[in-house]
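Have a look at the structure below, then the notes.
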Amino acid sequence: MNRTIRVVIAEPSAIVGTGLRTVLDDAGGFHTAGVITEPSMLDERLRILDADIALINPSMMDFRTSRNLRASVPALQEMKVVALVYGVFDDEALRQYDAVIKIVDSPSILVNRLRRLVEADGEHAADGGYDLTEREREILVSVARGHTNKEIADEHNISIHTVISHRKNITRKTGIKSVAGLTVYALLNNMIDQNDME
Amino acid sequence: MNENTFSPEMKLGELIDANYRLLSILSRLGVRLGFGEMSVEQMCRQRGLPTELFLMICRIYTFDDYMPSCDMFGREELRHIVDYLKTSHRYYSDYVIPRLSGEMDAMIASCDRLHGKVLKRFFDDYCGEVANHFAYEENTVFPYVEELLKGIRSSEYSIGSFEDNHSDIDEKLSDMKSIIMKYLPENTLTEQRNDVLFEIYRFEEDLKCHTLIENRLLIPLAAKIERES
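In order, the protein sequences belong to chains A and B. Residue 12 is where the first sequence starts when you use the working numbering, and the numbers rise one by one after that. Residue 673 is where the second sequence starts when you use the working numbering, and the numbers rise one by one after that.
Dropping the structure here:
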């Protein structure tokens, strides 16, 4: 799975921010979606920038925030969070990060650690590839026919939670979110015929 | 080029040279080409448009990660923001969507009849959704803000309800992109598909800026005035 890794940098120093961006650009395979220097903007901007990894200088967080990172900045629940530390830092706070990088680390350590984080996640997913599994195809057909998650769960004897997780994978693989769009996909691939839609 | 590139002294020609997509912003504001050596400040003064607001709009359309703030703005700017959003809607419905629709038709003409029919229906539904989205803002949100600016406060509506109901119209647009790029069979002509894709990408980028202006400028400014009144 060789897709571009989207990174957002949250770092109060513009010089360091620019340096990190350059390191990632040079490494290839990364896109710096944005550099945030204002702590108050963190959550809002992370939401908009839609990143795989947030590279954060923990000194951007005040004491209260740093103790419960993902509750204070909910956007972080959707991504990997990596700490960039300049000096000695509270261990307890750092445990919430998926990885820690020190300012004295070499660019290659930074790059490799970020890549590994995203790769590990890909292997963890039930199916990291882009082809739909047989089960996902069945679920997709039901979605395209306009069935609700509850109906789909009953039809296939699975939990609603599982239906939602299949739907997430379908969207990740196809790049299609709306039911209408998935219906078009199913029609183009002859998974349903037009009579199913009328 | 950075945010400070855009200054009041900048010539309009230099502005477009820095980011040619701003051509459509100028035309939305009614600035005709043939402006000679006119500067941003002169143009704004001529149209009674706050210069800082205009520069901010230019930055929004130029820098992906630019975050506008309305801290230094007040009623005067809010009035212009509403006007801008209205002309922007007109630009989408009179110009962008018909153009996209024409390109869509040209592409559909080159594809399998059944596939064409399915795509056409998807696109028409999307256009209906966009029209509803704009109509709500034009019939409810903008008039509300205009009344607010006149000091009239409607009892049942507030800008908060807009914030809660502000729907996305970019989801289906993005789906359409995936479908045309990845799933429409190879027999559909590539050039025609490219034309549609270019158009969708441009529209998407424009809508993203438009939404940013609504969320970061219109809503907080209107909320500020609600609190004052």
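Virtual Cβ for every residue (Gly too), placed ideally from N, Cα, C.
Query: Local Cβ density within 10 Å of residue 137 of chain A, reported as buried at 16 or more and exposed below that; Result: Low confidence applies here, because residue 137 of chain A scores a pLDDT of 44, under 50, leaving its location unreliable; read the following figure in that light. When all chains shown are included, residue 137 of chain A counts as exposed.
Query: Under 9 angstroms between C-beta atoms of residue 186 of chain A and residue 736 of chain B; Result: no
Query: Neighbour list for residue 202 of chain A in chain B, Cβ cutoff strictly below 9 angstroms; Result: None at all; the shortest Cβ gap to chain B is about 11 angstroms.
Query: Backbone CA spacing between residue 790 of chain B and residue 768 of chain B [nearest angstrom]; Result: 22 angstroms
Query: Residue-level contact to chain A via CB, residue 787 of chain B, 9 angstroms cutoff; Result: yes
Query: Closer than 7 angstroms at the beta carbon, the chain A residues around residue 683 of chain B; Result: Those do not exist, as residue 683 of chain B stays about 28 angstroms from chain A at its closest Cβ, beyond 7 angstroms.
Query: Pair within 9 angstroms by beta-carbon distance, residue 799 of chain B and residue 856 of chain B; Result: no
Query: Inter-residue CB distance, residue 71 of chain A and residue 60 of chain A (contact presumed, cutoff 8 angstroms); Result: Actually they do not touch by this definition, with Cβ atoms about 15 angstroms apart.
Query: Interface flag, residue 873 of chain B vs chain A, CB-CB below 9 angstroms; Result: no
Query: Residue 188 of chain A in three-state terms, based on DSSP; Result: coil
Query: Proximal residues of chain B, C-beta to C-beta of residue 187 of chain A below 8 angstroms; Result: 847, 850 and 851
Query: Residue 709 of chain B versus B/700, B/722, B/885 and B/688, residue with shortest Cα-Cα distance; Result: B/688
Query: Residue 843 of chain B: contacting residues in chain A (beta-carbon distance under 9 angstroms); Result: 188, 189 and 192
Query: Proximity winner among B/682, B/673, B/690 and B/722, relative to residue 748 of chain B (alpha-carbon distances); Result: B/722
Query: Neighbouring residues, chain B, relative to residue 56 of chain A (Cβ below 7 angstroms); Result: 739
Query: For residue 38 of chain A, the three-state DSSP class (helix, strand or coil); Result: helix
Query: Pair within 9 angstroms by beta-carbon distance, residue 819 of chain B and residue 758 of chain B; Result: no
Query: Close beta carbons around residue 763 of chain B, own chain, < 8 angstroms, minus the five adjacent residues each side; Result: 696, 699 and 700
Query: DSSP-derived helix/strand/coil call for residue 883 of chain B; Result: helix
Query: Residue 47 of chain A in three-state terms, based on DSSP; Result: strand
Query: Listed by chain order, chain A residues near residue 855 of chain B by CB distance under 9 angstroms; Result: 185, 187, 195, 196, 199 and 200
Query: Cut-off 6 angstroms between Cβ atoms - residues of its own chain near residue 849 of chain B, not counting five sequence neighbours on either side; Result: 872
Query: Strand pairing of residue 91 of chain A, partner residues [DSSP]; Result: A/64
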